[in-house]
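Heads up, the thing below is written out as structure tokens.
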Amino acid sequence: MARKIIIVTSSYGSDYIQEIGGQKEILATVKAAGADGVEIRRELFSAEELSQLSELAQAIKHQQLECFYSVPFSLFLQQFPEQKIEINPNIEQYFDEAKQLDAKLIKFSLGDFQLDMSSVLAERLAAVNRVYPDILCVIENDQALKSGNLHSMAAFAEWLKQHKLPLCLAFDSGNWVWVQQDPQTAAQKLAPYVGYVHLKSTALDAAGKLSAVPPTGSADNYVQILQRNFSQDIPLGIEFPLIGENLVATSLYFVELLKG
1414 MARKIIIVTS SYGSDYIQEI GGQKEILATV KAAGADGVEI RRELFSAEEL SQLSELAQAI
1474 KHQQLECFYS VPFSLFLQQF PEQKIEINPN IEQYFDEAKQ LDAKLIKFSL GDFQLDMSSV
1534 LAERLAAVNR VYPDILCVIE NDQALKSGNL HSMAAFAEWL KQHKLPLCLA FDSGNWVWVQ
1594 QDPQTAAQKL APYVGYVHLK STALDAAGKL SAVPPTGSAD NYVQILQRNF SQDIPLGIEF
1654 PLIGENLVAT SLYFVELLKG
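Remember, the working numbering sits 1413 above the position in the sequence shown when you count from 1.
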């Protein structure tokens, strides 16, 4: 069984997506590259595009692609001055957007999670899931030291298990380096809870700044982490730069490399 490969639209660069007229215009490239689906990024929408999600859904369906939806917001927010932890108050809006897109998955970052939070928050998440049972909610380790570290993600996974919530983790291979933690250690600990993987390698640029880069091949450390720890039924999102004169050829190379 080949792994499902999802191409994240931001891999082509936000400037390029804007140049060509939006995320709808990259779908043919994603399909021609042999990908199984596309991850739509909310932050790349204009206000007009955000009001035309059903049209985008039809375009995705026309290309016979699965749709995943990434929301650039946290699941848990701390309200000041009370310092009370709450579920993102717009969660239903984001799930409704995912439904309009006919998305199979919606992705958030963790945010202000605490292990001793009220069970009321678990009940609220369960209620949202009952309204949108066909959309898998995954929570990604981001590049924030407070929320993207292994301790926080493992604690959240245990909290999900404790409250029997049907959410999963999204494992971003490169983001662990931003929070100065080992991706292999994180993969070993979190693998049972993971429902989606974002793959990117990392390197220092000329200015000494950490950046996302493509894997160097099948022996790349990040590709090896993927193959050693995550079963073939876990979909993989390409979230490293896809650039070049022939975007279909570039994308196709990595899709074939990662399908396994």
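Cβ coordinates follow ideal geometry from the N, Cα and C atoms, glycine included.
Within the same chain, and ignoring the five residues on either side of Gly1657 in sequence, the residues whose Cβ sits closer than 8 Å to its Cβ are Thr1663. By DSSP's assignment, Lys1497 forms a beta bridge with Gln1492.
For Glu1652, the closest C-alpha among the options Ile1548, Ser1522, Ile1638 and Ser1423 is that of Ser1423. With contacts defined by Cβ atoms closer than 7 Å, Ser1427 and Leu1469 do not form a contacting pair.
From the listed residues Ser1586, Ala1446, Val1551 and Gln1645, the smallest Cα separation to Phe1508 is found for Val1551. Between the segment 1541 to 1557 and the segment 1581 to 1593, the count of Cβ pairs shorter than 8 Å is three or higher; the stretches touch.
Here Ala1570 is near Tyr1606, since their CB atoms are less than 7 Å apart. Following the DSSP letters along the chain, one finds Ile1519 in no alpha helix (DSSP H) but inside the beta strand (DSSP E) bounded by residues Leu1518 to Gly1524. CA-to-CA, the gap between Pro1628 and Gln1477 works out to about 27 Å. Here DSSP, grouped into helix, strand and coil, assigns Ala1620 to coil. Residue state for Tyr1666 is assigned as helix, using DSSP reduced to three classes.
If one requires a minimum length of 3 residues, the beta strand (DSSP E) runs lying completely within the segment 1553 to 1634 are 1581 to 1585, 1607 to 1612, 1614 to 1617 and 1623 to 1626, in chain order. With contacts defined by Cβ atoms closer than 7 Å, Gln1527 and Ile1548 do not form a contacting pair. Ile1453 places its beta carbon 7 Å or farther from that of Tyr1429. With contacts defined by Cβ atoms closer than 7 Å, Gly1435 and Glu1462 form a contacting pair. If you look at Glu1536, you'll find it in the alpha helix (DSSP H) that goes Ser1532 to Val1544. Cβ neighbours of Val1626 within its own chain (closer than 8 Å, five residues either side excluded): Lys1613, Ser1614, Thr1615, Ala1616, Phe1653 and Pro1654. Under DSSP, Ser1487 takes part in a beta bridge, and its partners are Ser1522.
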